[in-house]
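Novice: One structure, as structure tokens, below. Some questions next.
Protein chains: 2
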Amino acid sequence: MRRELLEQLQAGLAARDRTALAVAFHRVHPADAAELLAQLHPAEVARYLEIMGIGEALTVFEFVPFEVQKEALEHLPRESLTELITQMRPDERADLVEELDEPFREQVLSHLIKAERQNILKLLTYPEDSAGAYMTTDYAELRPRVDVRAAITQLRLQAFTKETIYYAYVVDHNKKLIGIISLRDLIMARPESLVEEVMHKNVIALRVDTDIEEVSKEMVHYDFLALPVVDADGRLVGIVTYDDVFDVMTEEATEDMYLLANLDTDEKVTSPLLRSVKLRVPWLLVNLCTASLASFTVSRFSDTISAYVVLASLMPIVAGLGGNAGTQSLTVVVRALALGEIKVRGNWRVLLKETGVGLCNGVVCGLVMALVALVWHRNLALALILWLAMILNMIVAATFGALVPITLRRLRLDPALGSSIFVTAATDTGGFFIFLSLATLLLNELLQHG
Amino acid sequence: MRRELLEQLQAGLAARDRTALAVAFHRVHPADAAELLAQLHPAEVARYLEIMGIGEALTVFEFVPFEVQKEALEHLPRESLTELITQMRPDERADLVEELDEPFREQVLSHLIKAERQNILKLLTYPEDSAGAYMTTDYAELRPRVDVRAAITQLRLQAFTKETIYYAYVVDHNKKLIGIISLRDLIMARPESLVEEVMHKNVIALRVDTDIEEVSKEMVHYDFLALPVVDADGRLVGIVTYDDVFDVMTEEATEDMYLLANLDTDEKVTSPLLRSVKLRVPWLLVNLCTASLASFTVSRFSDTISAYVVLASLMPIVAGLGGNAGTQSLTVVVRALALGEIKVRGNWRVLLKETGVGLCNGVVCGLVMALVALVWHRNLALALILWLAMILNMIVAATFGALVPITLRRLRLDPALGSSIFVTAATDTGGFFIFLSLATLLLNELLQHG
């Protein structure tokens, strides 16, 4: 089916046959058509735009991945390029223009009329992760003193060019946002009522510089379809819609997972090999430093290890289990911070609980390991040292696991950033130090029992 | 502000003053009101329901967290309970009833009329993670041969009881789904057109037993507001809406993060201490087994370590870096599988790339570490052994990091499930074995240079 469509598409492009192209995509959703287009050469995508006409092709083109869009643009003749940029949705257009190389960007902007150019340049000034960077300026607008019947007519007329007409925003003569009304409210209201009588006046709006993660949280909290974005003076400048939240949630989850695994957030599974290496090596080198610290700690105890070499085989267990327990605490806390489940106050409660969990886990797992060691090496002192070391290191692990992300958040950094390196450094160095110190203190007992 | 509202709310409840309660929540969004309610005792929540009247209170109550809803129910008198359950949205109602303890559930169900009871019982039969478990049966329905004007009137009449009227589903006399039309399409169409003339006939619908993760992916792919769910015969049984996708995306991300950190998905940051211990210990015990395997591996090389004890301090570096590199590969692949970025075919490409990344990372990081070791211990043989061991173990790490989740997916298991334990087992045991084997083979050179 897909294969067939792709062939139909290529044949249509080769023959410059508009009807064939229209037929090929007739029964396909634009998102799926875009997926097919993305498999072609950028020059062919550009040809598709030209043959179909920009207006028609745009519904599909807006679903085409960014990278492909960008390359396709370079194959478009000047007039089509201008038409395309003019007709795209403001938010997508700004995102695209932002990605273009400087000379090409200038060229594209120069083709636009002044108002369009200013709109793009304004959208480009918002910080990358702000509401302003994600919002669209294509919202449906109403005035307070029109009646419901006229309002519905106005929305009908606006429908072609707006991202959503299911929420309409009511503004005064200064563009100040004074109310919000859903299309559902409108069609349920008496036609002769005024908009200002039926609109919701307690508008929940966010400032244009709000972090998009915060915007996304609010929308999920309220189950909103769209959220209005205002400037410092309360003037409506755009809206963020539910599909933006889909994207943000995906990006945020990827970011947290990547940071917990010490990965650069720019990496993708499809990144070329050498790019992946370049992105991963710095993290590994940081890890090398903390690992060297642990190694140095072990080297301070060479005499003890030489005297009782069994220690060398058991010390990785203490460190490893600590690492695992620390990652558990870390992940629970990082996720809770991301979802807003932990308030700014009351963090010490979480910390205390994690420390308690570390203690209990240490008692249980340490006991199991101590018994195994007892059976294996028949050395009671060793078993006791192992038990005690595991209890202490699990406490270190859980405490650091909770403390590191909470501290990072207090410093207004991402709670996941580098946190697993900190925690592993603590559990490795701590584990070796605790275990080998205890062994050194009790070396005589160890050797007697051994 | 919040504190004030809470006091107002409590005073209103104590005085059983309906007006005071209505005033307190007048300017507050139901989601925020629910957050305040959730801070009260469940008996007070029940009292709120009674004083306000179920119909009024429900808009707020539907935002109250599950656990609180459940406990509040136990404090409601019989008639209010029946009214509440009857009036709740079908999907939320089924979720709630499912959570009740058996005798209480029977009691609640016995209060309902037969049709309601059957609706709930039917929703309960769908598997936990299926579209059926998430969908609502409150969708807007139209018939094909009514005209647009009548259709809008019908939607207006349905609006009170439906979760969304922005998409309406067109069914034939057998309830078979034959088209879909948005309210936007309807208000833009000529009033005298027939629904069947303006509806979209290429409906994208999913089967009721589809995994909800799949449903969520489809909705994100198409930017849908809602997606229809059909039974095996193509009959419409419900819809999944964008706010369900918000929840699913959050849950799925938490699940993947938790599984990568060896955490049970039932755990929350607010779980009581002993429950957290109970949920984490099994994972730690599994980790204890794999750590013991690594420990056993080291113990086989006691003679080598005794002969050159520096090895004991360096071996954790080889294992630790491998663990970190393995986690990087694992996370990239798990995330790509979750987002559908890796197709079923072509997995070997990903595997090959990761192995290549492992090789390069090993060459770079191994070289750095070898130089450090050379300066520190002034032993060329040691430096070379370290370099080679790190290259080999990074290859093991990256290969396992990619192979484990891909294999789990092929076995139709969650790609993240237990995967980090497998990978760490491979990098620990592998790291120690490779490093100490090389050292044993080249022991004479090691001691000569040392």
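From first to last, the protein sequence lines are chains A and B. Residues in the first sequence are numbered from 618 upward in steps of one, following my numbering. Residues in the second sequence are numbered from 618 upward in steps of one, following my numbering. Think of the CB as a built atom: it goes at the ideal place given N, C-alpha and C, for glycine as much as any other residue.
(1) Kindly indicate which three-state DSSP category Tyr925 of chain B falls into: helix, strand or coil?
(2) With respect to the beta strand (DSSP E) encompassing Tyr784 of chain A, which residues constitute its N-terminal and C-terminal limits?
(3) Return the residues of the region 786-819 of chain B that lie within a Cβ-Cβ distance of less than 8 Å from chain A, sorted by chain order.
(4) Start and end of the alpha helix (DSSP H) containing Val847 of chain A?
(5) Can the beta-carbon of Leu666 of chain B be found closer than 8 Å to that of Phe678 of chain B?
(6) With a Cβ-Cβ cutoff of 8 Å, do Asp755 of chain A and Pro707 of chain A count as a contact?
(7) Please classify Ile856 of chain A: is it buried, with 16 or more other beta-carbons within 10 angstroms of its beta-carbon, or exposed?
(8) What residues from the region 755-769 of chain B come within 9 Å of chain A, judged by C-beta to C-beta, listed N to C?
(9) Following the continuous beta strand (DSSP E) through Leu607 of chain A, name the residue where it begins and the one where it ends.
(10) Decide yes or no for the touch test of the region 821-830 of chain A against the region 795-809 of chain B: beta carbon pairs closer than 8 Å, at least 3 of them.
(11) Whether or not the region 843-859 of chain B and the region 738-757 of chain B are in contact is what I'm after, with contact meaning three or more pairs of Cβ atoms, one per stretch, closer than 8 Å; do they touch?
(12) Exposed or buried, which one is Lys960 of chain A when buried takes at least 16 other CB atoms within 10 Å?
(13) With a cut-off of 8 Å, does the C-beta of Ser923 of chain A fall near any C-beta of chain B?
(14) Residues in the same chain with beta-carbon distance under 6 Å from Lys793 of chain B, minus the five sequence neighbours each way, listed in chain order, please.
(15) Based on the DSSP secondary-structure assignment, which residues constitute the bridge partners of Val857 of chain B?
(16) Does DSSP classify Asp873 of chain B as helix, strand or coil?
(17) Quick one: grab the DSSP three-state call for His643 of chain B.
(18) For the beta strand (DSSP E) holding Ser1068 of chain B, just list the boundary residues, first then last.
(19) Please state whether the Cβ-Cβ distance between Leu880 of chain A and Val951 of chain B is less than 8 Å.
(20) Run through DSSP, which three-state label would Arg917 of chain A get?
(21) Can you name the residues that DSSP bridges to Arg852 of chain B?
(22) Using a Cβ cut-off of 9 Å, pull out every chain A residue sitting near Leu902 of chain B, in sequence order please.
(23) Tell me, to the nearest whole angstrom, how far the beta carbon of Asn978 of chain B is from that of Val894 of chain A; I am working on the premise that it is less than 8 Å.
(24) Out of B:Ala987, B:Leu638, B:Gly1018, which one is the CA nearest neighbour of Thr972 of chain B?
(25) Residues of chain B with CB closer than 9 Å to the CB of Asp873 of chain A, please, in chain order.
(26) When burial is assigned at 16 or more other CB atoms within 10 Å of the CB, is Val640 of chain A buried or exposed?
(27) Which chain B residues are close to Arg773 of chain A, counting only those with a beta carbon under 7 Å from its beta carbon?
(28) Taking the continuous alpha helix (DSSP H) assigned at Phe680 of chain B, which residues delimit it?
(29) Quickly, what does DSSP pair Asp828 of chain A with across the bridge? List them, please.
(30) Let me check understanding here. Comparing Cα to Cα, which of A:Trp1004, A:Ile668, A:Trp900 lies closest to Ser1036 of chain A?
(31) 8 Å is my cut-off, CB to CB: does Ile737 of chain A come that close to chain B?
(32) In three-state terms, what does DSSP make of His658 of chain A?
(33) CB-CB under 7 Å to Ala711 of chain B, same chain, minus the five flanking residues each way: which ones, in chain order?
(34) Identify the residues that DSSP records as bridge partners of Leu823 of chain A: which are they?
(35) Taking its Cβ as the centre, do 16 or more other Cβ atoms sit within 10 Å of Thr907 of chain B, making it buried, or is it exposed?
(36) Does the Cβ-Cβ distance between Ala776 of chain B and Met805 of chain A come in under 8 Å?
Specialist: Quick answer:
(1) Your numbering for residue 925 of chain B matches position 308 in the second sequence. In the structure shown, Tyr925 of chain B sits in coil (DSSP, three-state: anything other than H, G, I, E or B).
(2) Start at 1 with the first residue of the first sequence, and residue 784 of chain A comes out as number 167. According to the DSSP assignment, Tyr784 of chain A belongs to the beta strand (DSSP E) that extends over 781-788.
(3) Leu800, Arg801, Ile804, Met805, Asn819
(4) For the purposes of this step, residue 847 of chain A is taken as the residue at position 230 of the first sequence. That residue, Val847 of chain A, is in no alpha helix (DSSP H); its beta strand (DSSP E) goes 843-847.
(5) Taking the second sequence and counting its residues from 1, one reaches residue 666 of chain B at position 49. Taking the second sequence and counting its residues from 1, one reaches residue 678 of chain B at position 61. A contact, by the Cβ cut-off of 8 Å.
(6) If you number the first sequence from 1, residue 755 of chain A lands on position 138. If you number the first sequence from 1, residue 707 of chain A lands on position 90. Their beta carbons are under 8 Å apart, which means Asp755 of chain A touches Pro707 of chain A by this criterion.
(7) The sequence position of residue 856 of chain A within the first sequence is 239, counting from 1. With 16 or more Cβ atoms within 10 Å of its Cβ, Ile856 of chain A is classed as buried.
(8) Ile769
(9) Not covered by the structure: residue 607 of chain A. The range shown for chain A is 618 to 1067.
(10) no
(11) yes
(12) Sequence index remark: in the first sequence, residue 960 of chain A carries index 343 (1-based). Exposed, by the Cβ-count rule.
(13) Here the question's residue 923 of chain A lines up with position 306 in the first sequence. It does: the Cβ of Ser923 of chain A has a partner Cβ on chain B nearer than 8 Å.
(14) In the second sequence, the residue the question calls residue 793 of chain B occupies position 176. Excluding residues up to 5 positions away in sequence, Gly851, Arg852 lie with their Cβ nearer than 6 Å to the Cβ of Lys793 of chain B in the same chain.
(15) For the purposes of this step, residue 857 of chain B is identified with residue 240 of the second sequence, where counting begins at 1. In the DSSP output, where bridge partners are listed per residue, Val857 of chain B has B:Leu844.
(16) Position 256 of the second sequence, counted from the first residue, corresponds to residue 873 of chain B. Secondary structure at Asp873 of chain B: helix, using DSSP grouped into helix, strand and coil.
(17) Counting from 1 along the second sequence, the entry for residue 643 of chain B is found at position 26. Three-state result, His643 of chain B: coil.
(18) Residue 1068 of chain B lies beyond the range of chain B shown here (618 to 1067); nothing can be said about it.
(19) Counted from its first residue, the first sequence places residue 880 of chain A at position 263. Counted from its first residue, the second sequence places residue 951 of chain B at position 334. Their beta carbons are not under 8 Å apart, which means Leu880 of chain A does not touch Val951 of chain B by this criterion.
(20) Mapped onto the first sequence, residue 917 of chain A falls at position 300. Coil.
(21) Translated into the one-based positions of the second sequence, residue 852 of chain B becomes position 235. Beta-bridge pairing links Arg852 of chain B to B:Lys793.
(22) As a first step, residue 902 of chain B is located in the second sequence; it is residue number 285 there, counting from the start. Neighbours of Leu902 of chain B in chain A, taken as residues at a C-beta separation under 9 Å, are given in chain order as Val981, Cys982, Val985.
(23) Position 361 of the second sequence, counted from the first residue, corresponds to residue 978 of chain B. Position 277 of the first sequence, counted from the first residue, corresponds to residue 894 of chain A. With a Cβ gap of about 6 Å, Asn978 of chain B and Val894 of chain A count as contacting.
(24) For the purposes of this step, residue 972 of chain B is taken as the residue at position 355 of the second sequence. Of the listed residues, the one whose Cα sits closest to Thr972 of chain B is B:Gly1018.
(25) Taking the first sequence and counting its residues from 1, the one referred to as residue 873 of chain A is at position 256. Simply Ala870, Met874.
(26) In the first sequence, the residue the question calls residue 640 of chain A occupies position 23. It is exposed - the Cβ of Val640 of chain A has fewer than 16 other Cβ atoms within 10 Å.
(27) By one-based count along the first sequence, residue 773 of chain A stands at place 156. Simply Ile804, Met805.
(28) Walking along the second sequence from the start, residue 680 of chain B turns up at place 63. For Phe680 of chain B, there is no enclosing alpha helix (DSSP H), as DSSP gives it neither H nor E.
(29) Counting from 1 along the first sequence, the entry for residue 828 of chain A is found at position 211. Asp828 of chain A is bridged by DSSP to A:Ser747.
(30) The residue you call residue 1036 of chain A lines up with position 419 of the first sequence. When each option's Cα is compared against that of Ser1036 of chain A, the closest is A:Trp900.
(31) Within the first sequence, residue 737 of chain A is the residue found at index 120, counting from 1. Output row for Ile737 of chain A: interface = no.
(32) Taking the first residue of the first sequence as position 1, residue 658 of chain A is located at position 41. His658 of chain A falls in the coil class under three-state DSSP.
(33) For the purposes of this step, residue 711 of chain B is identified with residue 94 of the second sequence, where counting begins at 1. Only Ile737, Leu740, Leu741 meet the Cβ criterion.
(34) For the purposes of this step, residue 823 of chain A is identified with residue 206 of the first sequence, where counting begins at 1. DSSP output for Leu823 of chain A lists A:Val846 as bridge partner(s).
(35) As a first step, residue 907 of chain B is located in the second sequence; it is residue number 290 there, counting from the start. Thr907 of chain B should be labelled buried.
(36) The residue given as residue 776 of chain B occupies position 159 in the second sequence. The residue given as residue 805 of chain A occupies position 188 in the first sequence. Yes, they are a contact pair.
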